[in-house]
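Notes follow once the structure below has been shown.
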Amino acid sequence: MGYGNWSDQSYDYISKSRASAPVDRIFTNVAAADPAMNSVGIKLRESRDSADHPESNAIAVFFDVTGSMGDVPELFARSKLGGLMKLIVSRNYIADPQILFGAIGDATCDRYPLQIGQFESSLEMDTWLTKIFLEGGGGGQIKESYGLAHHFAGNYTALDCFEKRTRKGYLFTMGDEKPWPNMPAAEINQVFGGSKISQAVSIEDAVKQASRMYHVFHIVIGGHTSHGDDPQVLAAWRKLLGERALHLAEPEGVCELIATTIGSMEGRDWDDMASDLAANGTSTAIVKAVGHAVQSAGTSIARVARASGKLPTAPSAKRGIRL
485 MGYGNWSDQS YDYISKSRAS APVDRIFTNV AAADPAMNSV GIKLRESRDS ADHPESNAIA
545 VFFDVTGSMG DVPELFARSK LGGLMKLIVS RNYIADPQIL FGAIGDATCD RYPLQIGQFE
605 SSLEMDTWLT KIFLEGGGGG QIKESYGLAH HFAGNYTALD CFEKRTRKGY LFTMGDEKPW
665 PNMPAAEINQ VFGGSKISQA VSIEDAVKQA SRMYHVFHIV IGGHTSHGDD PQVLAAWRKL
725 LGERALHLAE PEGVCELIAT TIGSMEGRDW DDMASDLAAN GTSTAIVKAV GHAVQSAGTS
785 IARVARASGK LPTAPSAKRG IRL
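Residues in the sequence shown are numbered consecutively from 485, following my numbering.
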């Protein structure tokens with residue numbers, strides 16, 4: 485996948501039509517998940533080079549769509565995707581981005597704990613985004629099945645950026661709860677269908693699998709979410725990912741945080757990116773919240789930059805697993 489080109493003009497037309505539309509007119513699947521996004525029986529999701537995008541770079545973004553997350557996926561679908569693409573493409577934070585959208589629930593109780601789109605470079609990514617079924621479930625125990633996204637990324641994706649150029653893609657999960665520490669074998673086999681593993685997979689091992697091909701980040705979203713400002717939630721993610729666990733106090737800044745995190749990893753200076761945000765119409769409050777989140781990731785990550793030609797690693801194994 486990943487053919488075609490992004491069009492700001494076309495997306496602006498779409499987003500204006502959604503400004504006051506009810507949520508069930510934006511997300512097209514209101515009773516059940518779309519079969520095309522079903523994780524059961526999945527073979528592979530591919531990010532490949534093309535004539536239009538000769539140096540593709542994979543970006544996977546997974547939303548927590550349980551009830552505690554409020555309207556964050558809705559915010560993204562109404563207008564935030566356009567803002568993300570304007571920053572990444574227009575400001576050239578990374579060449580030839582191909583974005584996959586997915587959704588995470590709770591495998592202990594939800595009907596659809598994992599929904600997976602395709603890597604796309606054009607407006608097709610919006611189609612996959614709005615195919616997401618907002619199940620609104622969750623088990624009420626401040627844990628969700630985020631590790632399923634890591635297991636998927638590490639075992640069911642193929643990336644030309646990594647295979648041809650030894651460049652990692654980017655994986656962002658976002659939510660307001662802790663990850664389950666382990667995924668039982670029966671759970672993984674049920675979610676993926678074709679899987680026939682015999683042992684549980686820990687969240688640490690799932691992240692290690694994903695980290696072979698991706699820079700792995702998690703965004704703890706605060707503000708009007710249920711648990712995003714609970715210090716225990718951020719502490720759990722910091723134990724797992726170190727400085728790549730980010731806390732965002734303003735949910736409306738999620739696209740800006742994804743873009744500037746990628747920019748930081750690609751060697752962009754925060755002051756320059758802050759100017760880009762302002763030029764893009766981002767409010768002062770959002771710029772401040774995004775800046776705090778990016779800078780909390782530590783300047784050591786930004787310093788590894790692409791100038792060295794080496795794949796960045798986590799700054800300290802003591803702060804989390806090596807990425």
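By construction, the Cβ of each residue, glycine as well, lies at the ideal position given by its N, Cα and C atoms.
### Query
Of all the options Ala-690, Ser-494, Asn-513 and Leu-730, which has the alpha carbon lying nearest to the alpha carbon of Gly-638?
As a first step, residue 638 must be located in the sequence shown, where it is residue number 154. Checking every option, the nearest Cα to that of Gly-638 belongs to Ala-690.
### Sheet register partners of Arg-529 (DSSP bridge)
Working through the sequence shown from its first residue, we reach residue 529 at position 45. Thr-641.
### Reference Lys-662; option with closest CA among Phe-636, Ile-600, Ala-729 and Phe-617
Looking up residue 662 in the sequence shown gives position 178. Of the candidates Phe-636, Ile-600, Ala-729 and Phe-617, the one whose C-alpha sits nearest the C-alpha of Lys-662 is Ala-729.
### Task
Consider the C-beta atom of Val-524 and the heavy atoms of the ligand NAP; say whether any pair is separated by less than 6 angstroms.
Annotation note on the ligand NAP: not contained in the displayed structure, which lists no ligands.
### Message
Between the alpha carbons of Ala-516 and Arg-722, how many angstroms are there, rounded?
### Response
Locating residue 516 in the sequence shown gives position 32, counting from the first residue. Locating residue 722 in the sequence shown gives position 238, counting from the first residue. Approximately 34 angstroms, taken between the alpha carbons.
### Element boundaries [beta strand (DSSP E), containing Asp-536]
The count along the sequence shown starts at 1 and reaches residue 536 at position 52. Here Asp-536 belongs to no beta strand (DSSP E), and DSSP marks it neither H nor E.
### Message
Given this structure, state the Cα-to-Cα distance separating Asp-760 from Ala-670, to the nearest angstrom.
### Response
Translated into the one-based positions of the sequence shown, residue 760 becomes position 276. Translated into the one-based positions of the sequence shown, residue 670 becomes position 186. The alpha-carbon atoms of Asp-760 and Ala-670 are separated by roughly 47 angstroms.
### Task
Name the one or two DSSP bridge partners that Lys-627 has.
As a working note, residue 627 is residue 143 in the sequence shown. DSSP lists Lys-662 as partners of Lys-627.
### Query
Given that a residue counts as buried once 16 or more other Cβ atoms are within 10 Å of its Cβ, and exposed if not, what is Lys-882?
Past the boundaries of the shown model lies residue 882; the chain is included only from 485 to 807, so the question cannot be answered.
### Limits of the unbroken beta strand (DSSP E) element including Gly-586
Numbered from its first residue, the sequence shown carries residue 586 at position 102. Gly-586 -> beta strand (DSSP E) spans 581-588.
### Query
Where Ala-798 and Ser-531 are concerned, what is the direct C-alpha to C-alpha distance, given to the nearest angstrom?
Position 314 of the sequence shown, counted from the start, is the residue given in the question as residue 798. Position 47 of the sequence shown, counted from the start, is the residue given in the question as residue 531. Its pLDDT being 37, under 50, Ala-798 is placed unreliably by the model, and the measurement read from it follows with that caveat. The straight-line gap from Cα to Cα measures roughly 24 angstroms.
### Task
In angstroms with no decimal places, state the Cα-to-Cα distance between Gly-706 and His-634.
Your numbering for residue 706 matches position 222 in the sequence shown. Your numbering for residue 634 matches position 150 in the sequence shown. Those two C-alpha atoms are separated by around 22 angstroms.
### Message
Is it the case that the stretch 517-526 contacts the stretch 674-682, given that we only count it when at least three CB pairs across the two stretches are under 8 angstroms?
### Response
yes
### Message
Do Ile-770 and Glu-734 count as a contact pair if the criterion is CB distance below 7 angstroms?
### Response
Position 250 of the sequence shown, counting from 1, holds the residue named residue 734. Position 286 of the sequence shown, counting from 1, holds the residue named residue 770. Yes. Within cutoff.
### Query
Would you call the CB atoms of Asp-518 and Lys-615 closer than 7 angstroms?
Counting from one through the sequence shown, the residue named residue 518 turns up at place 34. Counting from one through the sequence shown, the residue named residue 615 turns up at place 131. Yes, the Cβ-Cβ distance between Asp-518 and Lys-615 is below 7 angstroms.
### Task
Indicate whether the contact test is met: 3 or more Cβ pairs, each with one atom in the stretch 570-590 and one in the stretch 498-510, closer than 8 angstroms.
no
### Query
Residue ranges of each beta strand (DSSP E) run of no fewer than 3 residues wholly in the stretch 541-571, ordered along the chain?
541-548
### Chain-order list of residues whose beta-carbon lies under 7 angstroms from that of Thr-766 (same chain, five-residue window excluded)
Working through the sequence shown from its first residue, we reach residue 766 at position 282. For Thr-766, where only same-chain residues beyond five positions count, the Cβ hits under 7 angstroms are Glu-740.
### Query
Would Trp-612 pass as a contact of Phe-585 if the rule is Cβ separation under 7 angstroms?
The sequence position of residue 612 within the sequence shown is 128, counting from 1. The sequence position of residue 585 within the sequence shown is 101, counting from 1. The answer is yes: Cβ separation under 7 angstroms.
### Query
Hey, how far is the Cα of Glu-619 from the Cα of Tyr-630?
Your numbering for residue 619 matches position 135 in the sequence shown. Your numbering for residue 630 matches position 146 in the sequence shown. So the alpha carbons of these two residues sit roughly 15 angstroms apart.
### Query
Closest to Ser-695 by CA distance: which of Ile-681, Ala-763 and Ala-544 is it?
Here residue 695 is taken as the residue at index 211 of the sequence shown, counted from 1. Nearest option by C-alpha distance: Ala-544.
#### Entry: Nearest-angstrom beta carbon gap, Leu-643 and Met-697 [assumed within contact, 8 angstroms]
Residue numbering aside, residue 697 sits at position 213 when the sequence shown is read from its first letter. Residue numbering aside, residue 643 sits at position 159 when the sequence shown is read from its first letter. Contact holds; Cβ gap of about 6 angstroms.
### Message
Is the beta carbon of Gly-737 closer than 7 angstroms to that of Ala-773?
### Response
As a position in the sequence shown, residue 773 is number 289, starting the count at 1. As a position in the sequence shown, residue 737 is number 253, starting the count at 1. Cβ atoms of Ala-773 and Gly-737: closer than 7 angstroms.
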